[in-house]
Structure formats: C-alpha cells, structure tokens
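**Q**
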Amino acid sequence: LAYGLLTCLSLLGLRYSHTPSWAIGCCAGVEFFSSILWPCMTVILGAHYGTIHDREGTDGTNATNHSDGRFERGIYVTSLASRCGSLLAMPLSSLLIKWTQLTWRDV
Numbered sequence: 005l006a007y008g009l010l011t012c013l014s015l016l017g018l019r020y021s022h023t024p025s026w027a028i029g030c031c032a033g034v035e036f037f038s039s040i041l042w043p044c045m046t047v048i049l050g051a052h053y054g055t056i057h058d059r060e061g062t063d064g065t066n067a068t069n070h071s072d073g074r075f076e077r078g079i080y081v082t083s084l085a086s087r088c089g090s091l092l093a094m095p096l097s098s099l100l101i102k103w104t105q106l107t108w109r110d111v
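Numbering (my numbering), first residue to last: 5 to 111.
1) Is it buried or exposed for C12, if we count other Cβ within 10 angstroms and need 16 for buried?
2) If we call anything under 8 Å between Cβ atoms a contact, is S39 one with C30?
3) Are G8 and L49 close, meaning C-beta to C-beta below 8 Å?
4) Roughly how many whole angstroms lie between the Cα atoms of R19 and D110?
5) From S86 to P43, what distance separates their C-alpha atoms?
Written as structure tokens, this is what we have:
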C-alpha cells in the first residue's frame, strides 16, 4: 500500500514538475516504486491462491501439496495486463497530445 501511494505521489510530482531534473526524478521514482510493487503483487497472489492440501488421514500423514493452476494463471494475467497497459500507454499518450489541445503534463 505504501509503495502504491508513493507511486501516486511520484506521478503527481511529475504532473507539477517544471524543470527537466524534477521530471527525471519523478520518472525514476515511478519506475522504482513500480518495480517494488510487482513482487508484492506476486506475494499477495501467492497468499490468496496458495496451494490445495489433500490429507488422507486425520493425523496428517500422507499429506501432499499441489497447485491447481490458479496462482499461475493469476501471475500470467497480471503480467499480461501490465505489459498491455505499458504498450498501449505509449502510442495513446502520443496521439492524445497530437489530436487534442492537451499538453504533455495533462496527458
């Protein structure tokens, strides 16, 4: 949660930046905090989906763990959504600047 808020603050700082060094610092902050968020999302998905415990006895003997694939699918969908969002953000932001009266800070 903290790194998500710091990412938001970095984006807000980028919106109000007036110098190139300030914009570079905010972009670096966004990249850094986003790189921290990805492993955190993986841990949260792992804790949420986890594994299935099959028990053959009441005393816990012959207990086996196996995954039903939901965790792997969750990681795949999260990764795919992140990549598609990044790929769409580049041309769409350029087209918004070109076709509208918005500045780069508004986009």
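Note that the Cβ used here is the ideal one computed from N, Cα and C, for glycine as well.
**A** Judging by the given coordinates:
1) Residue numbering aside, residue 12 sits at position 8 when the sequence shown is read from its first letter. It counts as exposed.
2) Against the sequence shown, residue 39 aligns to sequence position 35. Against the sequence shown, residue 30 aligns to sequence position 26. Cβ distance not < 8 Å, so S39 and C30 don't count as in contact.
3) Against the sequence shown, residue 8 aligns to sequence position 4. Against the sequence shown, residue 49 aligns to sequence position 45. The answer is no: Cβ separation not under 8 Å.
4) Position 15 of the sequence shown holds residue 19. Position 106 of the sequence shown holds residue 110. R19 and D110: Cα-Cα distance of roughly 7 Å.
5) Within the sequence shown, residue 86 is the residue found at index 82, counting from 1. Within the sequence shown, residue 43 is the residue found at index 39, counting from 1. Taking the straight line joining both Cα atoms gives about 13 Å.
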